[in-house]
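Novice: The listed protein sequences correspond, in order, to chains A and B. Just so you know, our numbering puts 145 at position 145 of the first sequence, and the rest follows in order with no gaps. Just so you know, our numbering puts 171 at position 171 of the second sequence, and the rest follows in order with no gaps. The C-beta atom is built at its ideal place from N, Cα and C for all residues, glycine as well. The structure displayed is predicted, hence computed values, not measured ones.
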Amino acid sequence: MARPSSGVVRPDRALPGAPPPEAIRPVLTDIFQEFAQQIGPSTVGGLVIGSIYALVALGYTMVYGVLRLINFAHSEIFMIGTFATLFVLSLVDLPGPLSGFALIGMLLLLFVVAMAASGGSAILLELLAYRPLRKNNAPRLAALISAIGASLFLQELFALVVIPKVFGLPGRVDAAVPRVMDRDTVFTVFGTSVKTDQLVIVVAAVIMMVALDQLVSRTRIGRGIRATAQDPEAAVLMGVNIDTIVRLTFLLGGAMAGVAGVLYALEFENIRYNIGFLLGIKAFTAAVLGGIGNIRGALVGGVALGLVENWGAIFFGSQWKDVIAFVILVVVLLFRPTGILGESLQQARA
Amino acid sequence: MGRKRTVIALAALLAGALALSACGGGGGGGASGGGSDANTIKIGFMGDLTGENSGIVIPPRNGAKMAIDAYNATNPPKKIELVEYDSQGTPDQAVPLVTKAIQQDKIVGLIGPAFSGESKAADPVLEQGQIPSISPSATNPGLAQNGWKYFHRVVAADSAQGPALADFLVTAKSPKTAFVISDDQEYSVGLADAVEKQLKAKGVTVDRDQFAQAASDYSSSVAKIKAANPDVIFFGGYYSQGGRLLKQIRDAGVTALFATGDGSLDTGLIKGAGEQAAEGAIVGCPCAVPGATAAQGTLKEFYDKYKSTFNVEPAVYSTEGYDAATAFIKAVQAGNTTPDTINTFLATLSFAGVAKPVKFQPDGDVESTDIFVHEVKGGKIELLGNSKDAKLG
Chain A
1 MARPSSGVVR PDRALPGAPP PEAIRPVLTD IFQEFAQQIG PSTVGGLVIG SIYALVALGY
61 TMVYGVLRLI NFAHSEIFMI GTFATLFVLS LVDLPGPLSG FALIGMLLLL FVVAMAASGG
121 SAILLELLAY RPLRKNNAPR LAALISAIGA SLFLQELFAL VVIPKVFGLP GRVDAAVPRV
181 MDRDTVFTVF GTSVKTDQLV IVVAAVIMMV ALDQLVSRTR IGRGIRATAQ DPEAAVLMGV
241 NIDTIVRLTF LLGGAMAGVA GVLYALEFEN IRYNIGFLLG IKAFTAAVLG GIGNIRGALV
301 GGVALGLVEN WGAIFFGSQW KDVIAFVILV VVLLFRPTGI LGESLQQARA
Chain B
1 MGRKRTVIAL AALLAGALAL SACGGGGGGG ASGGGSDANT IKIGFMGDLT GENSGIVIPP
61 RNGAKMAIDA YNATNPPKKI ELVEYDSQGT PDQAVPLVTK AIQQDKIVGL IGPAFSGESK
121 AADPVLEQGQ IPSISPSATN PGLAQNGWKY FHRVVAADSA QGPALADFLV TAKSPKTAFV
181 ISDDQEYSVG LADAVEKQLK AKGVTVDRDQ FAQAASDYSS SVAKIKAANP DVIFFGGYYS
241 QGGRLLKQIR DAGVTALFAT GDGSLDTGLI KGAGEQAAEG AIVGCPCAVP GATAAQGTLK
301 EFYDKYKSTF NVEPAVYSTE GYDAATAFIK AVQAGNTTPD TINTFLATLS FAGVAKPVKF
361 QPDGDVESTD IFVHEVKGGK IELLGNSKDA KLG
């Protein structure tokens with residue numbers, strides 16, 4: 001049921017400097033007041049989830065750029081990253097939340113393990129679910145169905161086998177991740193405090209994305225990826241090994257999803273077998289919003305989606321979050337059919 | 001070459017199909033092995049037995065199993081077989097399962113479905129098949145208002161739980177402002193609405209928000225709660241969402257009392273939120289969950305037997321599952337073995353259940369409307385007592 005957002009006038013909560021509620025127009029004042037109170041934490045929350053969307057979106061966008069394939073199983077690659085985090089944490093037996101160098105060391109360890117787990121799974125996925133189809137020149141639709149099948153397979157594999165056997169937990173309920181970092185206020189902007197975990201997530205996500213962007217636009221490997229995206233046949237003639245490039249693309253996209261998995265697990269501390277489903281849809285939306293096939297577009301799309309969702313929730317209530325996200329997507333695509341940044345992987349600067 | 005591949009593919013398909021059907025036989029019909037000999041009648045149990053919210057369905061299943069095993073151990077002329085149906089708590093799985101239970105397994109009664117949403121979809125099928133049902137845990141008020149003749153429940157509806165919990169919060173905390181939040185499931189919205197209405201009636205200013213069931217980032221809701229700065233927070237919904245929400249609320253530095261209803265009465269709430277964040281949370285329920293220390297009398301007896309049988313402590317609705325099974329057992333003991341005679345018997349049945357008297361009203365609701373309050377203390381859910389006279393420590 002649709003319910004408008006809370007709309008109770010509470011004069012005693014007026015911000016200093018804001019006009020008294022009985023002044024000009026009570027309703028407008030009220031909306032303004034509500035907005036002013038919520039905008040800070042909503043923005044921070046939106047940036048945090050938006051960074052995670054963006055990291056996952058990279059995998060969708062790169063695979064699409066190279067293969068013109070929507071890799072629906074990518075959401076499960078992300079899920080594998082969250083469980084890799086839990087796996088490491090269950091081995092090391094944390095004494096409690098870490099700080100300083102211990103925290104940085106732990107984060108690096110988690111990133112490496114999760115990137116290896118997710119990247120490895122992505123390569124395996126490509127090898128088992130997509131390559132045989134590609135070798136036989138199967139229609140693109142077949143690969144799409146294979147992707148959906150792989151997604152369901154991985155979810156059930158975790159629910160029925162991996163989580164009960166490896167972690168000894170019930171397969172379909174939330175698994176709790178122990179706390180790795182304290183949530184201390186690092187600094188305060190406009191009355192909104194930014195906590196350690198939030199800062200770490202945004203910074204880590206930005207570093208990862210800049211690194212990937214540089215890799216694709218500056219290195220030999222990156223040139224191979226761009227060449228394949230532009231024209232696979234010409235790339236082969238130019239001596240690019242397509243199979244290697246495709247494998248690399250899956251590896252890089254998977255590794256980014258692994259990082260996203262670590263950040264997600266550390267922030268929300270509850271993970272489960274189907275955690276990638278909704279987040280995957282949102283990340284895919286972010287990829288399309290930013291311009292699918294475009295690496296910087298994934299960043300823009302992810303952050304934009306996270307922010308718009310949370311801002312929209314201020315006015316309409318959190319139950320409208322998902323609707324808002326897709327309305328924005330449709331509106332953007334109406335005016336810019338190729339997404340916000342539009343341009344795709346192949347046209348990136350050489 | 002092409003021919004050979006086709007053959008291999010066919011063989012693989014066939015093997016897969018065989019394996020699948022073997023699994024299906026093992027999973028679905030496992031409990032019904034033994035078949036329909038003349039001295040056994042079948043009672044079904046339906047609910048989310050393996051899914052996300054199975055933590056509140058396994059305990060009533062255990063309770064029912066305990067009652068029926070004890071009955072069968074007396075070597076009665078008619079034994080009862082408990083057939084389990086795992087609906088995953090969803091309406092679209094409950095309906096075909098109910099049809100299967102009626103037509104194929106020929107059950108004479110059903111304990112369940114456990115949740116309100118699936119009950120709403122499955123109960124009309126039971127009504128049409130004229131099979132009496134007793135739900136241990138479906139609390140949506142609307143279920144009793146359909147004129148169904150075969151529907152019963154041994155638990156008070158949300159229409160009783162909501163106001164009782166709101167009254168308890170008002171007495172215990174005398175709040176000026178409250179924040180009521182829920183996810184978008186039928187049960188959750190119903191309970192949250194009931195609490196909101198009663199709080200407003202008592203003069204409390206109420207803010208409201210709602211999030212999607214599948215969401216796990218609640219930052220926008222948390223921002224609203226922070227902005228509203230309420231004295232108490234009430235969450236309508238199940239424990240997996242409740243645990244995540246409570247963790248994010250406490251992480252944001254909000255310390256207001258967190259109260260919730262029966263759907264969150266599970267240690268999953270504490271696991272999801274973390275022990276520290278969950279401390280002091282209030283959990284109401286039309287059920288009473290006997291703990292090791294607080295239980296006395298029949299509750300203590302139940303606690304001991306349950307603990308020794310299943311090697312876990314009784315949890316939410318375990319006593320209700322037991323009472324629902326007892327109602328069917330009493331019907332069978334009185335010589336009723338067809339769905340219709342059992343249903344007629346249930347209309348006049350009256351006995352002392354584990355935590356409260358069981359007597360059904362004509363609409364299927366149980367007469368007792370007692371609501372019990374529990375508090376999270378040191379990582380455990382402890383019974384505080386009846387909401388009318390329970391006190392916060």
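D323(B): buried (16+ other C-beta within 10 angstroms of its C-beta) or exposed?
Specialist: The residue in question, D323(B), is buried, as its Cβ has 16 or more Cβ neighbours within 10 Å.
Novice: Give the C-beta separation of L305(A) and L289(A) to the nearest angstrom, bearing in mind that I take them to be a contact with Cβ-Cβ under 8 Å.
Specialist: Indeed they touch by this definition, with Cβ atoms about 6 Å apart.
Novice: Chain B beta carbons: is any one of them nearer than 7 Å to that of V173(A)?
Specialist: At least one chain B Cβ lies under 7 Å of V173(A).
Novice: Helix, strand or coil, according to DSSP, for P286(B) in the structure here?
Specialist: Here P286(B) sits in coil by DSSP.
Novice: How would you write the range of the beta strand (DSSP E) that I43(B) sits in, first residue to last?
Specialist: First-last of the beta strand (DSSP E) with I43(B): 40-47.
Novice: Measure the beta-carbon distance from M62(A) to T249(A) and round it to whole angstroms, keeping in mind my assumption that it falls under 8 Å.
Specialist: The pair is a contact, with the Cβ atoms about 5 Å apart (cut-off 8 Å).
Novice: Does chain B have any CB closer than 7 Å to the CB of P164(A)?
Specialist: Chain B, which has no Cβ nearer than 7 Å to the Cβ of P164(A), makes this no.
Novice: Quick one: what does DSSP say Y85(B) is sitting in, helix, strand or coil?
Specialist: In this structure, Y85(B) counts as strand in the three-state DSSP scheme.
Novice: Please work out which residues of its chain come closer than 6 Å, Cβ to Cβ, to I80(A), disregarding the five sequence neighbours upstream and downstream, and give them in chain order.
Specialist: Once the five neighbours on either side are set aside, the close Cβ partners of I80(A) are A117, S118, S121.
Novice: What three-state label does DSSP hand N386(B) in the structure shown?
Specialist: Here N386(B) sits in strand by DSSP.
Novice: For the beta strand (DSSP E) containing K359(B), list its first residue and its last residue.
Specialist: Note, K359(B): beta strand (DSSP E), 357-359.
Novice: Check whether the Cβ of L278(A) lies closer than 7 Å to any Cβ atom in chain B.
Specialist: For L278(A), the answer is yes, since a Cβ of chain B falls inside 7 Å of its Cβ.
Novice: Considering only C-alpha positions, which residue in the set Q88(B), T260(B), K78(B) is nearest to G55(B)?
Specialist: Among Q88(B), T260(B), K78(B), the Cα nearest to that of G55(B) is on Q88(B).
Novice: Measure from the alpha carbon of L55(A) to the alpha carbon of each residue in V112(A), K282(A), M256(A), then state which is nearest.
Specialist: Nearest option by C-alpha distance: M256(A).
Novice: Can you list, in chain order, the residues of the region 216-236 of chain B whose Cβ is nearer than 8 Å to any Cβ on chain A?
Specialist: Answer in chain order: S216, D217, Y218, S219, S220, S221, V222, A223, K224, K226, A227, A228, N229.
Novice: In whole angstroms, what separates the C-alpha of E126(A) from that of P132(A)?
Specialist: Distance between the alpha carbons of E126(A) and P132(A) is about 9 Å.
Novice: Is there a Cβ of chain B sitting closer than 7 Å to that of I340(A), yes or no?
Specialist: It does not; no Cβ of chain B falls within 7 Å.
Novice: Closer than 7 Å, CB to CB, is A313(A) near chain B or not?
Specialist: For A313(A), the answer is yes, since a Cβ of chain B falls inside 7 Å of its Cβ.
Novice: When the Cα of I270(B) is compared with those of E279(B), D262(B), G263(B), which residue comes out closest?
Specialist: Taking only the C-alpha atoms, the option nearest I270(B) is E279(B).
Novice: Check whether the region 241-248 of chain B touches the region 326-341 of chain A, taking contact to mean three or more Cβ pairs, one atom from each stretch, closer than 8 Å.
Specialist: Cβ pair count under 8 Å is below three, so no.
Novice: If you follow the beta strand (DSSP E) that L110(B) is in, where does it begin and where does it stop?
Specialist: Its beta strand (DSSP E) spans residues 109-111.
Novice: Could you tell me the alpha carbon to alpha carbon distance between G342(A) and F277(A), rounded to whole angstroms?
Specialist: Roughly 26 Å between the two C-alpha positions.
Novice: Kindly give me the distance between the Cβ atoms of V232(B) and A256(B), rounded to whole angstroms, as I take these residues to be in contact under 8 Å.
Specialist: Confirmed, about 6 Å.
Novice: Alpha carbon to alpha carbon, how far is G109(B) from F351(B)? Give it in angstroms, no decimals.
Specialist: Rounded to the nearest angstrom, the two C-alpha atoms are 19 Å apart.
Novice: Which bits of chain B does G317(A) rub up against, with CB to CB less than 7 Å?
Specialist: Going along chain B in sequence order, the residues near G317(A) (Cβ under 7 Å) are D209, Q210.
Novice: Contact defined as beta carbons within less than 8 Å: I believe V186(A) pairs with K195(A). What is the distance between those atoms, to the nearest angstrom?
Specialist: Confirmed, about 7 Å.
Novice: Can you find the residues in the same chain that come closer than 6 Å, C-beta to C-beta, to S116(B), ignoring five residues on each side of it along the sequence?
Specialist: Closer than 6 Å at the Cβ level, and outside the excluded window around S116(B), lie A138, N140, E186, Y187.
Novice: Taking beta-carbon pairs under 7 Å, can you tell me which members of the region 184-210 of chain B lie near chain A?
Specialist: Those would be D184, V189, T205, D207, R208, D209, Q210, in chain order.
Novice: Does the distance from the CB of D193(B) to the CB of Q210(B) come in under 7 Å?
Specialist: No. Outside cutoff.
Novice: Thinking C-alpha only, which one of A143(A), I123(A), G100(A), L154(A) is nearest E76(A)?
Specialist: Nearest of A143(A), I123(A), G100(A), L154(A) to E76(A), Cα basis: L154(A).
Novice: Considering only residues of the same chain and omitting the five flanking positions on each side of K356(B), which have a CB-CB separation below 7 Å?
Specialist: S368, D370, listed in sequence order.
Novice: Specify the secondary structure class of I52(A) as computed by DSSP and reduced to three states.
Specialist: The answer is helix: DSSP assigns I52(A) an H, G or I state.
Novice: For E52(B), which residues in chain A fall below 7 Å Cβ to Cβ?
Specialist: Here the neighbours are R172, V173.
Novice: Quick check on the DSSP output: the alpha helix (DSSP H) that includes Q145(B) runs from which residue to which?
Specialist: Careful: Q145(B) lies outside any alpha helix (DSSP H) and carries neither H nor E.
Novice: Between the region 41-53 of chain A and chain B, which residues of the former have a C-beta closer than 8 Å to a C-beta of the latter?
Specialist: Under the 8 Å Cβ criterion, the region 41-53 of chain A contributes P41, S42, V44, G45, G46, V48, I49.
Novice: State the CB to CB distance for the pair K330(B) and L299(B), rounded to an integer number of angstroms; the pair is presumed to be in contact (CB under 8 Å).
Specialist: That pair is no contact at about 20 Å.
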